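Novice: So that we are looking at the same thing, I have put the structure below in structure tokens.
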Amino acid sequence: MKKSYVILASVLVILGIGLIFLKANRNTNEIPPEVLLNELNENTRYVSTDELAKRIIESDPSVQLIDVRDAKDALAFMLPGAINIPLKDLLKDESQAVFTRDGKDFIFYSNGDILANQAWILSRRLGLNRLYILKGGLNYRVETILQPKPPAATEPQEAIDLYQARLGASQFFTGTTIEVKTPEPLGNIDLTRKTKKKKVEGGC
Amino acid sequence: MGPLIPSNIIDPSWNNVIALLVGVAFGFILESSGFSSSRKLAGVFYGYDFVVLKVFFTAAITAALGLYYFQYLGWINMSLVYINPTYVASTIVGGVIMGLGFIMGGYCPGTSYCAAGIGKIDAIVFSVAMLFGILIFSEFYPLLEGFYNSGFLGNVTVYEVLGLPVGWFMIILIVVALGAFFVTSLIQDKVKEVDY
Chain G
2 MKKSYVILAS VLVILGIGLI FLKANRNTNE IPPEVLLNEL NENTRYVSTD ELAKRIIESD
62 PSVQLIDVRD AKDALAFMLP GAINIPLKDL LKDESQAVFT RDGKDFIFYS NGDILANQAW
122 ILSRRLGLNR LYILKGGLNY RVETILQPKP PAATEPQEAI DLYQARLGAS QFFTGTTIEV
182 KTPEPLGNID LTRKTKKKKV EGGC
Chain P
1323 MGPLIPSNII DPSWNNVIAL LVGVAFGFIL ESSGFSSSRK LAGVFYGYDF VVLKVFFTAA
1383 ITAALGLYYF QYLGWINMSL VYINPTYVAS TIVGGVIMGL GFIMGGYCPG TSYCAAGIGK
1443 IDAIVFSVAM LFGILIFSEF YPLLEGFYNS GFLGNVTVYE VLGLPVGWFM IILIVVALGA
1503 FFVTSLIQDK VKEVDY
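Line by line, the protein sequences are chains G and P.
Under this note's numbering, the first sequence is numbered contiguously, ending at residue 205.
Under this note's numbering, the second sequence is numbered contiguously, ending at residue 1518.
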């Protein structure tokens, strides 16, 4: 055997033995509390119900909705394309497997904000990225998207445009159609021409 | 300090540029070490050339040693280093399929592009066939999805699964590698030399 092989092999063995005696330098991937606090204050984690509706209608492939309510609630109703991960199961391996999907924006939602926010904080502490929350949750979605209130006539054009968009989204999600008032047919119209009275001509 | 991109020392938009440069360097070194020859690569299965085993095993233990020493010196934060998720069942089946392709075609995916780059016809056929295989897999993905995601263990490392400290695992790996190098060189001496 060549001498150089023996030397190289012993270098590897010595370096390997060295590792045993080095103090294990464990740093966790939890994000520091200051960073988490900043992110909590920034409010960039929220996705509005309007934006979500738009992305679902456009079938945006980067949307991954995650329903953090109980399985019972989720069985009753889930948003299209959502996965149910109840908050208590968030840390299980099969739940964490969902977050390994590349190129996805993970949007948590619950009935309100609270459960989704808890899921968001836990997942951020696990070092996961691209996490969002549906602002106001399903309740606010019903209020804004499914049953939008018409704006007052005095409101600016933006409010009216938003209302129109919400009406459209409502149709998309519920399948209802906008009521269009059809004019009532007119009755028989008497089209007989009136006979002109002969004007008295002449005279003095 | 490191890894440089996840720690925002280098902007993430440099990702593809750096990947390209590393890829060019990797391809150049593969080619200049003779890894563009399908006979040399297939030699590991027939026992006349174990250079594939030696090179990749050495690369793995050198890189692992380097990473853990860097971590000790505080040059790299290992918790930010991406670890591929492990899916046991699909990895085993995928490994068998890839091994069969390797024996039949004489290339693994990286070396096939490397050899296609210098104009080897067998490598060009192999690369095109590989793309065809990817197409078939993608088309059947809805059927295979359940199996594809089965046996998920998370982003784990071997020593975590075995419950060993890193140091002990590394020394075992080094001894296994050196043993493999020694045994394969004995086999190589016994097998008739192949001229290629």
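For glycine and all other residues, C-beta sits at the position ideal for the given N, C-alpha and C.
Remember, it's a predicted structure, so these values are computed and weren't measured experimentally.
Answer with buried or exposed for residue 76 of chain G, where buried requires no fewer than 16 other C-beta atoms within 10 angstroms of its C-beta.
Specialist: Reading the first sequence from its first residue, position 75 is the one you call residue 76 of chain G. Counting Cβ neighbours within 10 Å, residue 76 of chain G comes out exposed, since fewer than 16 surround it.
Novice: Closer than 7 Å between beta carbons: that is the criterion. Which residues of the region 81-101 of chain G meet it against chain P?
Specialist: Per Cβ criterion, the list reads 94, 95, 97, 98, 101.
Novice: Are the CB atoms of residue 65 of chain G and residue 102 of chain G nearer to each other than 8 Å?
Specialist: As a working note, residue 65 of chain G is residue 64 in the first sequence. As a working note, residue 102 of chain G is residue 101 in the first sequence. Yes, they are a contact pair.
Novice: Contact between the region 3-19 of chain G and the region 1387-1396 of chain P is defined here as three or more beta-carbon pairs at a separation below 8 Å; is this criterion met?
Specialist: The region 3-19 of chain G, when compared against the region 1387-1396 of chain P, does touch it at the 8 Å Cβ threshold.
Novice: Which chain P residues sit within Cβ distance under 9 Å of residue 53 of chain G?
Specialist: Within the first sequence, the letter at position 52 stands for residue 53 of chain G. What residue 53 of chain G touches in chain P: nothing, since even the nearest Cβ is about 25 Å away.
Novice: Which residues in chain G have a C-beta closer than 7 Å to the C-beta of residue 1492 of chain P? List them in chain order.
Specialist: Here residue 1492 of chain P refers to the residue found at position 170 when the second sequence is read from its first residue. Residues of chain G passing the Cβ test: 17, 20.
Novice: Thinking C-beta only, is residue 84 of chain G closer than 8 Å to residue 68 of chain G?
Specialist: Residue 68 of chain G sits at position 67 when you count from the first residue of the first sequence. Residue 84 of chain G sits at position 83 when you count from the first residue of the first sequence. Yes.
Novice: Going by the CB atoms, is the gap between residue 100 of chain G and residue 133 of chain G shorter than 8 Å?
Specialist: Mapped onto the first sequence, residue 133 of chain G falls at position 132. Mapped onto the first sequence, residue 100 of chain G falls at position 99. Their beta carbons are not under 8 Å apart, which means residue 133 of chain G does not touch residue 100 of chain G by this criterion.
Novice: Could you check the C-alpha separation between residue 127 of chain G and residue 1385 of chain P for me, to the nearest Å?
Specialist: Within the first sequence, residue 127 of chain G is the residue found at index 126, counting from 1. Within the second sequence, residue 1385 of chain P is the residue found at index 63, counting from 1. Residue 127 of chain G and residue 1385 of chain P: Cα-Cα distance of roughly 26 Å.
Novice: Let's see if you can read the secondary structure: which residues bound the alpha helix (DSSP H) around residue 51 of chain G?
Specialist: Position 50 of the first sequence holds residue 51 of chain G. Note, residue 51 of chain G: alpha helix (DSSP H), 50-58.
Novice: Which whole-angstrom value is the C-beta distance of residue 1445 of chain P and residue 1437 of chain P, which I expect to be below 8 Å?
Specialist: Your numbering for residue 1445 of chain P matches position 123 in the second sequence. Your numbering for residue 1437 of chain P matches position 115 in the second sequence. Going by Cβ atoms, the distance from residue 1445 of chain P to residue 1437 of chain P rounds to 3 Å, so yes, they are a contact pair.
Novice: Are the region 1501-1511 of chain P and the region 1448-1468 of chain P touching, with three or more C-beta to C-beta distances below 8 Å?
Specialist: No: the two stretches stay apart, fewer than three of their Cβ pairs being nearer than 8 Å.
Novice: So, for residue 1353 of chain P: in the same chain, excluding its five sequence neighbours on each side, which residues have a beta-carbon less than 6 Å away from its beta-carbon?
Specialist: To locate residue 1353 of chain P, count along the second sequence from 1; it is residue 31. Answer for residue 1353 of chain P: 1436, listed in chain order.
Novice: For residue 1516 of chain P, name the three-state secondary structure that DSSP assigns.
Specialist: By one-based count along the second sequence, residue 1516 of chain P stands at place 194. Residue 1516 of chain P falls in the coil class under three-state DSSP.
Novice: Just the Cα atoms here: how many angstroms apart are residue 195 of chain G and residue 174 of chain G?
Specialist: Counting from one through the first sequence, the residue named residue 195 of chain G turns up at place 194. Counting from one through the first sequence, the residue named residue 174 of chain G turns up at place 173. Roughly 56 Å separates the two Cα atoms.
Novice: In chain order, what residues of the same chain lie with their CB nearer than 7 Å to the CB of residue 1362 of chain P, ignoring the 5 residues before and after it?
Specialist: What you label residue 1362 of chain P is simply residue 40 of the second sequence in a count that begins at 1. Around residue 1362 of chain P: 1356, 1371, 1373, 1518.
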